[in-house]
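> In the numbering used here, the protein residues as written are 980 to 1235.
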């Protein structure tokens, strides 16, 4: 649309120029020098303004496309170690427990399908929690009793909508950086509640000695923040809360 308007403005400018030229050459014409100059200036200004908006729109579309590509890359990311571990689990189960191996394949396929969906997709909280359960099922086959999970869900999970793959990456990060380094393992707690018109989501895990997991948590935090801010703007709050023995990440944004 802006290209068409830009072309029309150019045509007006050309017409005014031709009118001024012919008016200055043909006696008795209705054109005057002052009218022609004023019209030409107005047309040039209009053309510059329209050109400015056109360029701004092109830059906005380019920026949006780049942002979407970045978010898609973040959303589609599944840690290679998780894939390798899952394949090893499947290989070890095929001979001794084919049904369990088949369940792992199913869980893994659901997680991959979710990671490849279009950006901006929303799901119910219940669907997101189901992704978390499938991920936990695979990790518990590997870690056994070392991995314990507590659920504190105080909202109607079947009706609350959240961006797809909001909790699962935080859960993955909590297990990888919080539970795996501990010989005795630990408990990951997943919470969801409504507070002052906001949806509050949090994932907490034990804090290993030395706190070497913070860099990984910061990366997951930034990835989630970029995705949520692209969808909800400045109303999103994503915070990390390291304590003496626990590490917690909280996400807060207005209930939709």
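Backbone N, C-alpha and C define an ideal beta-carbon position, used for all residues, glycine too.
Compute the Euclidean distance between the alpha carbons of residue 1163 and residue 1221, then round it to the nearest angstrom.
Counting from 1 along the chain shown, the entry for residue 1163 is found at position 184. Counting from 1 along the chain shown, the entry for residue 1221 is found at position 242. Approximately 20 Å between the Cα atoms of the pair.
> State whether the stretch 1141-1160 contacts the stretch 1098-1111, with contact taken as three or more CB pairs (one from each stretch) at a distance under 8 Å.
yes
> Determine the burial state of residue 1171: buried for a count of at least 16 other Cβ atoms within 10 Å of its Cβ, exposed for fewer.
If you number the chain shown from 1, residue 1171 lands on position 192. So residue 1171 ends up on the buried side.
> Please report the distance separating the alpha-carbon of residue 1154 from that of residue 1167.
To locate residue 1154, count along the chain shown from 1; it is residue 175. To locate residue 1167, count along the chain shown from 1; it is residue 188. Between the C-alpha atoms of residue 1154 and residue 1167 there is a straight-line separation of about 7 Å.
> Using three-state DSSP, classify residue 1175 as helix, strand or coil.
Locating residue 1175 in the chain shown gives position 196, counting from the first residue. In the structure shown, residue 1175 sits in coil (DSSP, three-state: anything other than H, G, I, E or B).
> Note down, in chain order, each residue of its chain lying with its Cβ closer than 8 Å to the Cβ of residue 1223, except the 5 sequence neighbours on either side.
For the purposes of this step, residue 1223 is taken as residue 244 along the chain shown, with counting starting at 1. 1186, listed in sequence order.
> Hey, residue 1234 and residue 1217: beta-carbon distance below 8 Å or not?
If you number the chain shown from 1, residue 1234 lands on position 255. If you number the chain shown from 1, residue 1217 lands on position 238. No.
> Quick check: residue 1115 and residue 1128, are their CB atoms within less than 8 Å of each other?
Sequence index remark: in the chain shown, residue 1115 carries index 136 (1-based). Sequence index remark: in the chain shown, residue 1128 carries index 149 (1-based). Taking 8 Å as the Cβ cut-off, residue 1115 and residue 1128 qualify as a contacting pair.
> Just to confirm, is the Cβ distance from residue 1083 to residue 1069 under 8 Å?
Here the question's residue 1083 lines up with position 104 in the chain shown. Here the question's residue 1069 lines up with position 90 in the chain shown. Going by C-beta atoms, residue 1083 is nearer than 8 Å to residue 1069.
> Taking the alpha-carbon positions, what's the residue 1071 to residue 1121 distance?
The residue given as residue 1071 occupies position 92 in the chain shown. The residue given as residue 1121 occupies position 142 in the chain shown. If you take the alpha carbons of residue 1071 and residue 1121, they lie about 11 Å apart.
> So what's residue 1202 in DSSP terms, helix, strand or just coil?
Here residue 1202 refers to the residue found at position 223 when the chain shown is read from its first residue. Reduced to three states, the DSSP call for residue 1202 is helix.
> Given a cut-off of 8 Å on the beta-carbon distance, is the pair residue 1149 and residue 1182 in contact?
As a position in the chain shown, residue 1149 is number 170, starting the count at 1. As a position in the chain shown, residue 1182 is number 203, starting the count at 1. Yes. Within cutoff.
> On the criterion of 16 or more Cβ atoms from any shown chain inside 10 Å, does residue 1215 qualify as buried, or is it exposed?
For the purposes of this step, residue 1215 is identified with residue 236 of the chain shown, where counting begins at 1. The residue is buried, with at least 16 neighbouring Cβ atoms inside 10 Å.
> Can you list, in chain order, the residues of its chain with a C-beta nearer than 8 Å to that of residue 1107? Leave out the 5 residues immediately preceding and following it.
Against the chain shown, residue 1107 aligns to sequence position 128. Same-chain partners within the cutoff: 1141, 1143, 1144, 1145, 1146 and 1147.
> With the cut-off set at 8 Å, would you say residue 1184 and residue 1226 are in Cβ contact?
Taking the first residue of the chain shown as 1, we reach residue 1184 at position 205. Taking the first residue of the chain shown as 1, we reach residue 1226 at position 247. Yes, they are a contact pair.
> Going by the beta-carbon positions, is the gap between residue 1126 and residue 1118 smaller than 8 Å?
Taking the chain shown and counting its residues from 1, the one referred to as residue 1126 is at position 147. Taking the chain shown and counting its residues from 1, the one referred to as residue 1118 is at position 139. Going by C-beta atoms, residue 1126 is nearer than 8 Å to residue 1118.
> Distance, Cα to Cα, residue 978 vs residue 1076?
Only positions 980 to 1235 of the chain appear in the structure, and residue 978 is not among them; the question remains open.
> Any idea which residues DSSP pairs residue 1180 with across the strands?
For the purposes of this step, residue 1180 is taken as the residue at position 201 of the chain shown. Paired residues: 1171 and 1230.
> Given a cut-off of 8 Å on the beta-carbon distance, is the pair residue 1130 and residue 1158 in contact?
Start at 1 with the first residue of the chain shown, and residue 1130 comes out as number 151. Start at 1 with the first residue of the chain shown, and residue 1158 comes out as number 179. Contact: no.
> Three-state secondary structure (DSSP) at residue 1147?
Within the chain shown, the letter at position 168 stands for residue 1147. Three-state result, residue 1147: helix.
> Would you call residue 1219 buried or exposed, if buried means 16 or more other Cβ atoms sit within 10 Å of its Cβ?
What you label residue 1219 is simply residue 240 of the chain shown in a count that begins at 1. So residue 1219 ends up on the exposed side.
> Alpha carbon to alpha carbon, how far is residue 1029 from residue 1064? Give it in angstroms, no decimals.
Reading the chain shown from its first residue, position 85 is the one you call residue 1064. Reading the chain shown from its first residue, position 50 is the one you call residue 1029. If I take the Cα positions, the gap works out to 56 Å.
> DSSP on residue 1077, reduced to helix/strand/coil?
Looking up residue 1077 in the chain shown gives position 98. Residue 1077: helix per DSSP, three-state reduction.
> Please return the same chain residues whose Cβ sits closer than 7 Å to the Cβ of residue 1177, not counting the five positions on each side in sequence.
In the chain shown, residue 1177 corresponds to position 198, counting from 1. The residues are 1231, 1232, 1233 and 1234.
> Bridge partners of residue 1187, per DSSP?
In the chain shown, residue 1187 corresponds to position 208, counting from 1. Paired residues: none, contrary to the question.
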